[in-house]
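Everything on this sheet refers to the single structure shown next.
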Amino acid sequence: MGPMELIRADGITFSYSRSPVLHNVSLSVRKGEIVSLLGPNGSGKSTLLKVLLGLYRPGSGSVLLEGRPISRIAPKELAKRIAYVPQTHRMAFAYRVVDVVLMGRTPHKPFFSRYSRHDLDVALQALDRLSIGHLKDQSYTDISGGERQLTLIARALAQGADILVMDEPATSLDFGNQVRLLDQITGLSRLGFTFVKSTHFPDHAMWIADRVVMLQKGSVIADGKPCDVMNDESVCRLYNTEVSILKVNGTLRTCMPRSLITRNPGANNGRARISAKP
1 MGPMELIRAD GITFSYSRSP VLHNVSLSVR KGEIVSLLGP NGSGKSTLLK
51 VLLGLYRPGS GSVLLEGRPI SRIAPKELAK RIAYVPQTHR MAFAYRVVDV
101 VLMGRTPHKP FFSRYSRHDL DVALQALDRL SIGHLKDQSY TDISGGERQL
151 TLIARALAQG ADILVMDEPA TSLDFGNQVR LLDQITGLSR LGFTFVKSTH
201 FPDHAMWIAD RVVMLQKGSV IADGKPCDVM NDESVCRLYN TEVSILKVNG
251 TLRTCMPRSL ITRNPGANNG RARISAKP
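Residue numbers (the UniProt record's numbering): 1 to 278.
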């Protein structure tokens with residue numbers, strides 16, 4: 001494994017019954033990186049995440065955590081390193097927010113024992129770190145979608161994991177909560193946390209990811225820095241639609257439908273203006 005490489009997947013294949021989903025997928029994740037998986041529905045993003053988590057056993061290939069096969073790591077030990085943040089999570093009961101976060105402490109306590117004062121302190125610290133400590137006594141079922149997503153991230157932090165695997169975390173959030181979520185991810189990354197996340201938003205990958213892995217029909221078609229692998233051709237091919245990658249303020253890039261773009265024929269720097277409906 002390379003320097004500071006936390007996760008390495010080599011030659012992963014996976015099938016549901018007789019339906020192949022992943023084909024010879026390889027990738028690596030380094031400490032502190034934000035790695036975004038991009039691809040249309042059915043491209044294998046969620047399945048790959050579950051293979052990396054050790055929830056699914058690949059038909060062939062291997063997944064290593066700091067050089068150790070994850071299949072040989074005890075579940076409680078693995079849970080202390082890797083946490084899963086699902087897209088949505090429905091609670092059977094109206095747990096308080098702090099109780100949801102406390103569930104992240106389960107790998108650290110003996111079976112059938114109560115959570116300790118230390119566990120509670122860790123849960124409260126995780127809530128404060130994400131600036132949602134004021135929600136601790138509210139019902140998880142009563143808070144907003146964005147607050148629920150932050151609560152699930154707090155649970156992952158309380159779990160003690162330094163690798164967070166997130167399945168389309170922004171899909172059900174309004175724009176304001178998407179921005180808050182991206183801010184928290186980048187802030188935690190600076191502190192050394194590592195993220196592997198799938199997304200349906202190319203802009204999110206361009207804005208915060210260190211690396212992008214493009215999946216199409218279960219195969220990796222591109223892997224690299226967003227500025228290197230995300231261009232008009234690759235994104236059009238990935239989603240089978242006509243889009244262009246535009247620069248904003250010289251450095252920030254955004255993905256726009258070509259039907260909304262009018263190019264400036266006299267410009268040689270890729271500038272464009274957005275056409276609006278009359």
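Ideal Cβ positions, reconstructed from N, Cα and C, are used throughout, including at glycine.
Exercise for review: Could you say which of 197, 208, 159 lies nearest to residue 78 if we only look at CA atoms?
Suggested key: Position 78 of the sequence shown holds residue 78. Here the closest residue by C-alpha is 159.
**Study point:** Secondary structure of residue 140, DSSP reduced to three states
**Key:** Here residue 140 is taken as the residue at index 140 of the sequence shown, counted from 1. Residue 140: helix per DSSP, three-state reduction.
**Study point:** the segment 236-249 / the segment 27-42 touching (three or more Cβ pairs under 8 Å)
**Key:** Counting Cβ pairs under 8 Å, three or more are found: they touch.
Practice item. Can you tell me which of the three DSSP states residue 232 falls into? Key: For the purposes of this step, residue 232 is taken as the residue at position 232 of the sequence shown. Residue 232 falls in the helix class under three-state DSSP.
Check your understanding: Where residue 8 and residue 72 are concerned, what is the direct C-alpha to C-alpha distance, given to the nearest angstrom?
Key -> Translated into positions along the sequence shown, residue 8 becomes position 8. Translated into positions along the sequence shown, residue 72 becomes position 72. Approximately 15 Å, taken between the alpha carbons.
**Study point:** C-alpha gap between residue 85 and residue 49, whole angstroms
**Key:** Your numbering for residue 85 matches position 85 in the sequence shown. Your numbering for residue 49 matches position 49 in the sequence shown. Their backbone Cα atoms lie some 11 Å apart in a straight line.
Exercise for review: Closer than 7 Å by C-beta to residue 129: which residues in its own chain qualify, once you throw out the five before and the five after it? Chain order, please.
Suggested key: As a working note, residue 129 is residue 129 in the sequence shown. 157.
Practice item. Could you tell me the distance, in whole angstroms, from the CA atom of residue 95 to the CA atom of residue 105? Key: By one-based count along the sequence shown, residue 95 stands at place 95. By one-based count along the sequence shown, residue 105 stands at place 105. Looking at the two C-alpha atoms, the distance is approximately 15 Å.
**Study point:** Length of the line joining the Cα atoms of residue 115 and residue 185
**Key:** As a working note, residue 115 is residue 115 in the sequence shown. As a working note, residue 185 is residue 185 in the sequence shown. Rounded to whole angstroms, the separation of the alpha carbons of residue 185 and residue 115 is 27 Å.
Point to revise | Sequence-distant residues of the same chain with beta carbon closer than 7 Å to residue 279, five excluded per side | key: Limits of the chain in this structure are 1 at one end and 278 at the other, which puts residue 279 out of reach.
Check your understanding: So residue 159 is in the beta strand (DSSP E); what residue range does that whole segment cover?
Key -> The residue given as residue 159 occupies position 159 in the sequence shown. Here residue 159 belongs to no beta strand (DSSP E), and DSSP marks it neither H nor E.
Review point. Using DSSP with H/G/I as helix, E/B as strand and the rest coil, what is residue 149?
Key: Stepping through the sequence shown from its first residue, residue 149 is reached at position 149. Helix, per DSSP.
Practice item. Can you check the segment 84-117 for any alpha helix (DSSP H) of at least 4 residues that lies completely inside it and give the ranges in chain order? Key: The segment 84-117 contains these whole alpha helix (DSSP H) runs: 97-102.
Exercise for review: Could you name the residues that DSSP lists as bridge partners for residue 202?
Suggested key: Looking up residue 202 in the sequence shown gives position 202. None; residue 202 has no bridge partner.
**Study point:** Helix, strand or coil at residue 240 according to DSSP, with G and I counted as helix
**Key:** On the sequence shown, residue 240 is found 240 positions in, with the first residue counted as 1. Assignment of residue 240 by DSSP, reduced to helix, strand and coil, places it in the coil class.
Review point. When burial is assigned at 16 or more other CB atoms within 10 Å of the CB, is residue 189 buried or exposed?
Key: Numbered from 1 along the sequence shown, position 189 holds the residue referred to as residue 189. Buried.
Point to revise | Exposed unless 16 or more other CB atoms sit within 10 angstroms - verdict on residue 51 | key: The residue labelled residue 51 in the question sits at position 51 within the sequence shown. Buried is the call here.
Review point. Where residue 225 and residue 212 are concerned, what is the direct C-alpha to C-alpha distance, given to the nearest angstrom?
Key: In the sequence shown, residue 225 corresponds to position 225, counting from 1. In the sequence shown, residue 212 corresponds to position 212, counting from 1. Pairing residue 225 with residue 212, the inter-Cα distance amounts to about 6 Å.
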